[in-house]
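What follows is a short report on a single structure.
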Amino acid sequence: MALLLALVVAIITLLSIYGFMVPGWHMPPYISEYGEAYDSHFALTLAVMGIIFFLAQMGLAFVVFRFRDQGGRAGYSHGNTKLEITWTTATAIIFVGLVLIGMHIWAQAHVEAPRADALKVELWGQQFSWYARYAGPDGQFGRTVPELMKESAGNPLGLDPDDPASRDDVIMPVIAIPVNRQIDLILHSKDVTHNFFVRELRLKQDIVPGMVTNLHFTVSKIGDYEVPCSELCGLGHYQMRTFLQVKSQEDFDQWLRDNAPQQ
Ligand SMILES: [Cu+2]
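The sequence shown begins at 14 in our numbering and counts up by one.
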């Protein structure tokens, strides 16, 4: 019986590791400048965790077999303080070490300032849709007033008509951006916490109501990429998604002109 249980533990362990290694489960090719560093850090984390997982599970299988019922009296152990301290310290060092190694990748997108010529795009999340806002030819985002936010009036972001800067703002349900140009994405939420996640960008960011969060990135490949809200934000969460449409600069300029408000 003990041998059977040990074998089951070992087989489940090997199947789990095999499941992580077969192709088809992994993320699609990256399209942003963070991709290479992110992917190698991800692979390092997975390898370290995989080795620990393998050793721990094989240790479990061994102990199940080694200390099987052989007819003797069961002994009581109060644990081993030295061992406890050793593996807790080792775990802490591995986890903090991985964080320290990976921190600069996160800091590049979040903490380092975007370039002065980055294109500013606002992305607003709400239950259960997305709105992207562009400043228009004047380069200024118009004032938004919460009291004016009204979907049925065609003013989901509450643009203030009295502010001249708001007249040329372009508001769209998809995020179009030009390829090979740095984007300074400014994230807002109108209600609850949402999450901006584009697998191909290797970026994921919570959007917290009352907070403005910036992210910057440059995309090197034209195409359409899914943006699913990745924070369970209510009953309609499953349908809260849009697309990041990466276009050539000319196509992007045309798209912006085509969708400019009539004045
Ligand atoms: Cu959401």
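By construction, the Cβ of each residue, glycine as well, lies at the ideal position given by its N, Cα and C atoms.
What three-state label does DSSP hand residue i in the structure shown?
i	result
PRO191	strand
VAL77	helix
ILE44	coil
LEU136	strand
LYS163	strand
SER202	strand
ALA87	coil
GLY32	helix
ARG180	coil
ALA129	coil
LEU18	helix
HIS54	helix
PRO82	Per the sequence presented here, residue 82 reads as Asp, with Pro not at that position. Coil, per DSSP.
GLU244	coil
ASP266	helix
HIS250	helix
PHE215	Just to set this straight, residue 215 is Arg in the shown sequence, not Phe. Three-state DSSP puts ARG215 in coil, outside helix and strand.
GLY63	helix
GLY72	helix
With DSSP as the reference, please indicate the residues paired to residue i in a beta bridge.
i	result
HIS207	ILE220
ALA145	LEU136 and MET185
GLU239	PHE256
HIS229	ASP197
THR157	LEU172
Specify, as a first and last residue, the run of the alpha helix (DSSP H) that residue i falls within.
i	result
ALA273	ALA273 -> no alpha helix (DSSP H), and no H or E assigned at all.
ALA105	94–123
What is the C-beta distance between residue i and residue j, in whole angstroms, given that I count them as a contact (C-beta under 8 Å)?
i	j	result
VAL187	GLN258	6 Å
GLN195	THR231	5 Å
CYS242	MET253	4 Å
LYS95	ASP197	About 52 Å separates the two Cβ atoms, so there is no contact after all.
LEU214	SER53	About 16 Å; that fails the 8 Å criterion.
TYR144	PRO169	6 Å
VAL240	PHE265	About 17 Å; that fails the 8 Å criterion.
GLY149	ASP181	3 Å
PHE78	LEU28	In fact, because the Cβ distance is near 19 Å, the residues do not count as touching under 8 Å.
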